[in-house]
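*Asks:* In UniProt numbering, the protein residues as written are 1 to 713.
Virtual Cβ for every residue (Gly too), placed ideally from N, Cα, C.
In structure tokens:
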């Protein structure tokens, strides 16, 4: 899933993703989510911007999809009924998005994005659009330069997106394992032991007696970030039920390259407990084994997973795989992060009568919800943050035939409405709403009473997903390569279509296994190749290694592999020892594993004997092994150099992610390439242009690199 906000005029620079989104889409007490003034439901977020120059700021598609409704804006935005409280544009676009967030049917989701108050509309009905495509320009809403953005879905997709239909996350069992992404989370039940020290990461128990035994449930979040591992502990606020507070600042693991060193840590843990390091890797990565079709599960309490974390009165070591500890990810929308499903408004009108949200606003004081209290609450940053994590079900505000049902309460005095509307005022308001409504005309495949997400939180959440579906991978693959003899010209003989890529990702032949696309994503998720930068570097290397996913095996006549036979220089480098090893251990996989020694090393990692011929061939016939061997290489690769004492020493951190994180420039791409192929074979012809394409397709830049254009979409 690749997603971005609809306004992309602010460079991200060195800001975190959360800070960048906050600058682009600041919270507002007016036009906020899910409640606006007068305690009315509000299904989206107003995004205010000031245009400069003659042309309005482009409003862009947040993700790939299809336009299912568009309305050309009225030329009378400055006249009533649209100018109800100031000039208002009614240009509108609705896009249906079909994408993937994980494995299986539950990982295939649909949702809609609604863009209201556009001054211009550039698209047509039924038009396919790509993320970042211009849909129109920012117009006005009540005299302010702004758009209204909504993200909505139906009941079935809410359950697939969140993993449940109501209530809090069930902490009696582990969370989803087919749909898993973002940060990992651990529920530590009361009675969990904390230790001052551990003898080693392989120690079955902490040193000495526990320094602390928890008396209340605790929740630990594990985040990997550019090599670091950050641990945050939360507990329920003793003063306010349902609100969770952080215990001090997040702790960084003492190994500041913990993430980059996951492979070596897993190898040590696997050796200590006589299990496959690949399974130990999943324990350290996810807190549990999730690829149970290919890895042996690790029972809770069987193998330790130590981290130093905060507890209510200090810091200590805890085993995150202890018996009773349950494991989750961001894909489970944990309630201790603030996520809440709100569907408790018993009224059919547009006034929010949710007891849950009312309690959030007035707190434990027991006081009435008045207009003054509402205004103060909507301006409180903590309450705004809590409201933004509410996923709410209520009727659309754009259904013309239900206006009186939804808004008749505006004519009646109440605690939040000291001055009800007169009949004349209501008539003006109703005409304004009618001019904006579109629901019946659009005919969406969605009940008018549906679920709403806060747009900024939706972006922040799913930009951490990293799961690439078939459509996403196809978009990342460059369809035409540069012509080597003509500058700025494409080689049409190299052209691929979207259909070609789909075929390579789905079907098997003698050069590749079936169902590659699912296993590519599974392996990228396992080895933390989940950021746009890391994904782009991987895709660029696969483009050369596999002929843009066409072949997972080194080709050529039998005589070609003689150069890898024992006795040859290349054969010696690859550890080939028996006649026929050149062909038997030829390059296979997404990143072609070549030579007896490399097959044996991968075998030790998986605890499978790949020196046996029928096993070595599974690197081609098994989609998981084809992809996992590449992930293993990506995570384990160590580049070395000869120092002044003529000894081999590491050139950098372990694993190619550490090189990929260095940047999106030419030199960074070269360094990643040297991890795969020291001679940088076909760098200018394939690897670099394919990186540029994948990077532009996945990042948030609105203009492609100089002298480059995306090809063949």
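1) For a test of the three-state rule: what should DSSP assign to residue 524, helix, strand or coil?
2) Do residue 607 and residue 276 have their CB atoms nearer than 8 angstroms?
3) Please name the residue, chosen from 336, 452 and 351, that lies closest to residue 410 on a Cα-to-Cα basis.
4) Between residue 202 and the rest of its own chain, which residues show a CB-CB distance below 8 angstroms, the 5 nearest in sequence each way excluded?
5) State the beta-bridge partners of residue 116 as determined by DSSP.
6) How would you label residue 537, buried or exposed, when you count the other beta carbons within 10 angstroms and need 16 or more for buried?
7) Can you grab the Cα-Cα spacing for the pair residue 356 / residue 42, in whole Å?
8) What are the partner residues of residue 109, as DSSP defines its beta bridges?
9) So, residue 84 versus residue 428, is the Cβ gap smaller than 8 angstroms?
10) Between residue 216 and residue 235, is the Cβ-Cβ spacing less than 8 angstroms?
11) Taking only runs that begin and end inside the segment 329-385, name each unbroken alpha helix (DSSP H) of 4 or more residues, in chain order.
12) Can you tell me the Cβ-Cβ gap for residue 2 and residue 77, rounded? I've got them flagged as a contact below 8 angstroms.
13) Helix or strand or just coil, what does DSSP make of residue 25?
14) Go through the segment 493-520 residue by residue and report every complete run of the alpha helix (DSSP H) that reaches 4 residues or more, in order.
15) Check the C-beta distance from residue 501 over to residue 477 and give it rounded, since I have them as a contact under 8 angstroms.
16) Applying the criterion that 16 or more other CB atoms from any shown protein chain within 10 Å of the CB defines a buried residue, is residue 280 buried or exposed?
17) Could you check where the beta strand (DSSP E) with residue 442 kicks off and where it finishes?
18) Count the C-beta pairs between the segment 416-428 and the segment 86-102 that are closer than 8 angstroms, then say yes if the count reaches three, no if not.
19) Beta-carbon within less than 8 angstroms of residue 192's beta-carbon, same chain only, minus the 5 sequence neighbours each way: which residues are those?
20) May I have a chain-ordered list of the beta strand (DSSP E) segments no shorter than 3 residues that lie completely inside the segment 407-466?
21) Compute the distance between the beta-carbons of residue 629 and residue 589, then report whether it is under 8 angstroms.
22) Can residue 106 and residue 446 be called in contact, C-beta distance under 8 angstroms?
23) For residue 200, is the classification buried or exposed, using 16 other Cβ atoms within 10 angstroms of its Cβ as the cut-off for buried?
24) Which partner residues does residue 223 have in the DSSP bridge list?
25) Let's test the definition: count the other Cβ atoms within 10 Å of the Cβ of residue 723 and tell me whether it reaches 16, buried, or not, exposed.
26) Locate the beta strand (DSSP E) running through residue 391, then write down its first and last residues.
27) Please determine, among 392, 468, 634 and 639, the residue with the shortest C-alpha to C-alpha distance to residue 162.
28) Assess, as a yes-or-no matter, whether the segment 179-190 is touched by the segment 246-257 under the definition of 3 or more beta carbon pairs within less than 8 angstroms.
29) Evaluate the contact criterion for the segment 551-570 versus the segment 503-515: three or more CB pairs, one atom per stretch, below 8 angstroms.
30) Could you check what DSSP says for residue 283 in three-state terms: helix, strand or coil?
*Replies:* In brief:
1) By one-based count along the chain shown, residue 524 stands at place 524. DSSP places residue 524 in helix when its eight states are reduced to three.
2) Counting from 1 along the chain shown, the entry for residue 607 is found at position 607. Counting from 1 along the chain shown, the entry for residue 276 is found at position 276. Result yes, Cβ atoms of residue 607 and residue 276 sit closer than 8 angstroms.
3) By 1-based counting over the chain shown, the position of residue 410 is 410. Out of 336, 452 and 351, 351 has the C-alpha closest to the C-alpha of residue 410.
4) On the chain shown, position 202 is the one that residue 202 refers to. Excluding residues within five positions, the ones whose Cβ falls inside 8 angstroms are 268, 269, 272, 273 and 304.
5) Here the question's residue 116 lines up with position 116 in the chain shown. Looking at the DSSP assignment, residue 116 forms a beta bridge with 92 and 148.
6) As a first step, residue 537 must be located in the chain shown, where it is residue number 537. Burial call: buried.
7) Taking the chain shown and counting its residues from 1, one reaches residue 356 at position 356. Taking the chain shown and counting its residues from 1, one reaches residue 42 at position 42. Going from the Cα of residue 356 to the Cα of residue 42 covers about 16 angstroms.
8) Residue 109 sits at position 109 when you count from the first residue of the chain shown. Answer is 99.
9) The residue labelled residue 84 in the question sits at position 84 within the chain shown. The residue labelled residue 428 in the question sits at position 428 within the chain shown. Their beta carbons are under 8 angstroms apart, which means residue 84 touches residue 428 by this criterion.
10) Position 216 of the chain shown, counted from the first residue, corresponds to residue 216. Position 235 of the chain shown, counted from the first residue, corresponds to residue 235. Yes, these two residues count as a Cβ contact at 8 angstroms.
11) 355-362 and 371-378
12) Taking the chain shown and counting its residues from 1, one reaches residue 2 at position 2. Taking the chain shown and counting its residues from 1, one reaches residue 77 at position 77. Between residue 77 and residue 2 the Cβ distance is about 33 angstroms, and since that is not below 8 angstroms, they are no contact.
13) Translated into the one-based positions of the chain shown, residue 25 becomes position 25. Coil at residue 25, not helix or strand.
14) 498-506
15) Residue numbering aside, residue 501 sits at position 501 when the chain shown is read from its first letter. Residue numbering aside, residue 477 sits at position 477 when the chain shown is read from its first letter. At roughly 5 angstroms, the Cβ-Cβ gap stays under 8 angstroms, so residue 501 and residue 477 are in contact.
16) Numbered from its first residue, the chain shown carries residue 280 at position 280. Buried: at least 16 other Cβ atoms inside 10 Å.
17) Mapped onto the chain shown, residue 442 falls at position 442. Here residue 442 belongs to no beta strand (DSSP E); instead the alpha helix (DSSP H) covers 439-442.
18) no
19) Translated into the one-based positions of the chain shown, residue 192 becomes position 192. Result list for residue 192: 213, 214, 218, 318, 322, 324 and 325, in chain order.
20) 449-453
21) On the chain shown, residue 629 is found 629 positions in, with the first residue counted as 1. On the chain shown, residue 589 is found 589 positions in, with the first residue counted as 1. Contact flag set, yes.
22) Your numbering for residue 106 matches position 106 in the chain shown. Your numbering for residue 446 matches position 446 in the chain shown. No. Outside cutoff.
23) Looking up residue 200 in the chain shown gives position 200. Counting Cβ neighbours within 10 Å, residue 200 comes out exposed, since fewer than 16 surround it.
24) In the chain shown, residue 223 corresponds to position 223, counting from 1. Residue 223 is bridged to 230.
25) It is not possible to answer for residue 723, since the shown part of the chain is limited to 1 through 713.
26) Locating residue 391 in the chain shown gives position 391, counting from the first residue. Element bounds for residue 391: 390-395.
27) Along the chain shown, read from residue 1 onward, the residue named residue 162 stands at position 162. Nearest C-alpha to residue 162: 392.
28) no
29) yes
30) Position 283 of the chain shown, counting from 1, holds the residue named residue 283. DSSP places residue 283 in helix when its eight states are reduced to three.
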